[in-house]
Amino acid sequence: MAASPPQTLPDTTLAPAGETRVAIQNVGCKLNNYEVESLKSAFGARGYRVVGFDSPADVYVVNTCTVTGSGDADSRKALRRAKRGNNEALVVATGCYAQRRPEELVTAGAGLVLGNAQKAGLVATVESVLAGGEPPNFDPHLRPFTEEFLAIEGVVPEGRTRGTLQIQDGCDEHCTYCIIPRVRGSGSSRDAEEIIAQARQMVDMGYREIALTGVHSGSYGYDRDRPEDLVELLQGFEAIPGLRRIRLNSIEPGYISDELVEFAANSKCFCRHFHIPLQSGDDHILRRMGRRYTSAYYADRIFHIAESLPDCAIGADVMVGFPGEEDRHFQETCELLESLPMTYLHVFTYSLREDTPAQRLPNHQVKAVKSDRARHLIELGQRMRLEFHKGAVGTEVEVLVESKAESPSSLARGMTDNYIRVSFAAGPSAKVNDFVSIHVERAREDLVFGSQR
């Protein structure tokens, strides 16, 4: 359904760009957040004043999420908040929920809805509308994704310490519970030269760590029948002068090749950190989910990483309450996770998405069962993280300083390459964006404490 054009446009038609305030809100994943930072950068480069989303603005942009029902709800909530901030503002919705249900976002307050394929042209479209042009309708037949990737020009507001860079978009896995292939389209790899060029620019501007992100980052190169492209891309990052860390945000188990693990083990830059979605530890449920691996294969990859990269942080996404998941299936998941050298868990309850195959499966779980199972795994993940942190006590770790102490009695903060957050008493030489050696003295579930040596 096409979104209706806005009834009222903000009175900014004749205002110079520098007097026009733009507020942008992210809902959802790290890739969405990267896109938001790219849009902020683009608006800023065109002379617009980018303000916080809770500030009065002339244009509000919400990059929406539709992975779960809560993503939908949070997206609608952000649009309503924008209308309260300035009822006369131009409110723009884009992203995955906009691709899937544009009419619902119009009802929530959006005056302009742009799908994922229109996101790269969002700034130009907003400029046209503010200048009095006719707002475009959402085209439901437009492919969810085009070959034009968003890039970040300049430094994001958080500074020059840890940056994110998109290498890929779309997904061809078609898990039975997931709507993402429909709203993001097929897998598409960004040109390696373009990626490296942006990475060099980021390093020149001071970034010390770059995290690579995408919808399905591990499939980088597969759309070109070049499964070796990801490792070759990582090798290209190693050649960038001044880049100290490369981090992969997430990679599916079927794409963890021996070549990738070997590269990670021998790399001078690759962070000892793998996030590998599991979803279920029971093979029957994995088949119902449309996941293309077995629990034994998953375990093999985890042990291979742990043996090749000592003290590597290994995390997983786990879903509970999938249709047909009985107690014995859930127990298989718990037993598998307890047998593996995992560091942390991201636990999700199954959320029904309309028009997915899982919607038609029998035996959907009641909320109470899903909540109990989620609570059990969250507690398991907390114990895993605490044990991992305890293992660092008494050791020296290298920390990238992200924030310095604000007073003599406060502590500085930073992160290790293996995903441990560190709070520490800093010496006078410690500065934000520096690497410092910290002696770990005490562990908590969420972070460790230490002092600079």
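Here the numbering used here runs 514 ahead of the position in the sequence shown, where the first position is 1. By construction, the Cβ of each residue, glycine as well, lies at the ideal position given by its N, Cα and C atoms. A quick note: this is a predicted structure, and the numbers were derived from the prediction, not measured.
Inter-residue Cα distance where the pair is residue i and residue j
i      : j      : result
Cys692 : Pro570 : 36 Å
Gln845 : Ser885 : 15 Å
Glu641 : Glu707 : 30 Å
Leu774 : Tyr562 : 42 Å
Pro520 : Arg595 : Only weak support exists for where Pro520 lies, its pLDDT of 36 falling under 50; the value from the coordinates is given anyway. Between Pro520 and Arg595, the C-alpha separation is close to 17 Å.
Ser700 : Asp797 : 26 Å
Thr526 : Asn651 : Reliability of the predicted coordinates at Thr526 is poor, the pLDDT of 41 falling under 50, and no value is obtained from them.
His890 : Asp705 : 43 Å
Leu664 : Val643 : 21 Å
Val915 : Ile934 : 12 Å
Arg722 : Ile799 : 41 Å
Leu900 : Val962 : 9 Å
Leu528 : Gly558 : With a pLDDT of only 38 at Leu528, under the threshold of 50, the placement of this residue in the model should not be trusted; the figure read from the coordinates follows. Rounded to whole angstroms, Leu528 to Gly558 spans 18 Å at the Cα level.
Gly469 : Phe949 : Lying before the first or after the last residue shown, residue 469 is absent from the chain, which here runs from 515 to 967.
Leu972 : Val605 : What the structure shows of the chain is the stretch from 515 to 967, and residue 972 is not part of that stretch, so it cannot be assessed.
Val581 : His789 : 18 Å
Glu920 : Ala939 : 11 Å
Asp825 : Thr930 : 11 Å
Leu744 : Pro855 : 25 Å
Leu859 : Ser809 : 16 Å
Val883 : Arg958 : 29 Å
Asp588 : Arg696 : 20 Å
Gly467 : Asp841 : In the structure displayed, the chain extends from 515 to 967; residue 467 sits before or after that span and is not available.
Asn763 : Phe902 : 19 Å
Val911 : Gly964 : 10 Å
Gly542 : Glu549 : 11 Å
Cβ distance (whole Å) where residue i is taken to contact residue j below 8 Å
i      : j      : result
Gly728 : Ile681 : 5 Å
Leu875 : Gly905 : Wrong, their Cβ atoms sit about 40 Å apart, outside the cutoff.
Met803 : Thr690 : 6 Å
Arg761 : His787 : 6 Å
Gly941 : Gln966 : 4 Å
Leu585 : Tyr611 : Here the sequence assigns Gly to residue 585, which means Leu is not the residue at that position. About 7 Å; that satisfies the 8 Å criterion.
Ile754 : Ala711 : Not confirmed; about 10 Å, so no contact.
Residue closest to residue i, alpha-carbon to alpha-carbon, out of the options
i      : options                        : result
Ile816 : Ile828, Gly895, Pro649         : Ile828
His843 : Ser794, Ser822, Asp869, Asp772 : Ser794
Ala603 : Gln632, Glu551, Ala537         : Ala537
Val946 : Val913, Asp743, Ser809, Gly625 : Val913
Ser703 : Arg738, Ser951, Ala711         : Arg738
Val954 : Ala944, Asp948, Asp568, Ser937 : Ser937
Glu551 : Tyr721, Glu849, Arg967, Gly677 : Gly677
Val576 : Glu752, Asn600, Asn546         : Asn546
Lys501 : Tyr734, Ala919, Glu752         : One cannot answer for residue 501 here, as it falls past the ends of the chain, which runs 515 to 967.
Arg698 : Asp814, Ala665, Asn630, Leu679 : Asn630
Ala624 : Gly609, Glu746, Thr930, Tyr807 : Gly609
Phe784 : Leu726, Val637, Thr578         : Leu726
Tyr811 : Pro791, Arg956, Glu687         : Pro791
Leu626 : Ala607, Arg615, Gly635, Ala634 : Ala607
Leu747 : Ala778, Asp718, Met719         : Ala778
Ala872 : Ser853, Arg805, Leu854, Glu821 : Arg805
Ile952 : Gly895, Leu925, Glu849         : Leu925
Lys544 : Ala888, Asp683, Asn932         : Asp683
Run of the beta strand (DSSP E) containing residue i, from where it starts to where it stops
i      : result
Ala957 : 949 to 957
Tyr811 : Per DSSP, Tyr811 belongs to no beta strand (DSSP E); it is in the alpha helix (DSSP H), 809 to 822.
Ala940 : Run containing Ala940: none; DSSP gives neither H nor E here.
Asn577 : 573 to 578
Arg806 : Neither: Arg806 is in no beta strand (DSSP E) and is coded neither H nor E.
Arg927 : 926 to 929
Gln680 : 676 to 680
Glu831 : One point to set straight first is that residue 831 is Asp, not Glu, in the sequence displayed. Taken as a continuous stretch (DSSP letters only), the beta strand (DSSP E) holding Asp831 covers 827 to 834.
N- and C-terminal bounds of the alpha helix (DSSP H) containing residue i
i      : result
Leu553 : 544 to 559
Tyr858 : Counting along the chain, Tyr858 falls outside any alpha helix (DSSP H), though it belongs to the beta strand (DSSP E) covering 858 to 863.
Val745 : 743 to 752
Val541 : No alpha helix (DSSP H) holds Val541; DSSP gives it neither H nor E.
Leu850 : 841 to 853
Ala778 : 772 to 780
Gly964 : Looking at the DSSP string, Gly964 is not in any alpha helix (DSSP H); the run it does join, the beta strand (DSSP E), is 962 to 966.
Arg594 : 583 to 599
Cβ-based burial, residue i [other Cβ within 10 Å; buried from 16]
i      : result
Asp572 : buried
Gly756 : exposed
Gln613 : buried
Thr979 : No information on residue 979 is available, as it lies outside the stretch 515 to 967 that the chain covers here.
Leu523 : Bear in mind that the predicted position of Leu523 carries a pLDDT of just 38, short of 50, making it unreliable; the figure below should be weighed with that in mind. Buried is the call here.
Val880 : exposed
Pro767 : buried
Glu618 : buried
Asp772 : exposed
His688 : exposed
Gly835 : buried
Met515 : Confidence is the limiting factor: at Met515 the pLDDT is only 34, short of 50, which leaves the residue's position unreliable and the question unanswerable from this model.
Arg590 : buried
Ala897 : A quick correction: the sequence has Arg, not Ala, at residue 897. So Arg897 counts as exposed.
Heavy atom of the ligand GDP within 7 Å of residue i beta-carbon
i      : result
Gln873 : For the structure depicted, the ligand GDP is absent and the ligand set is empty, with no information on it obtainable.
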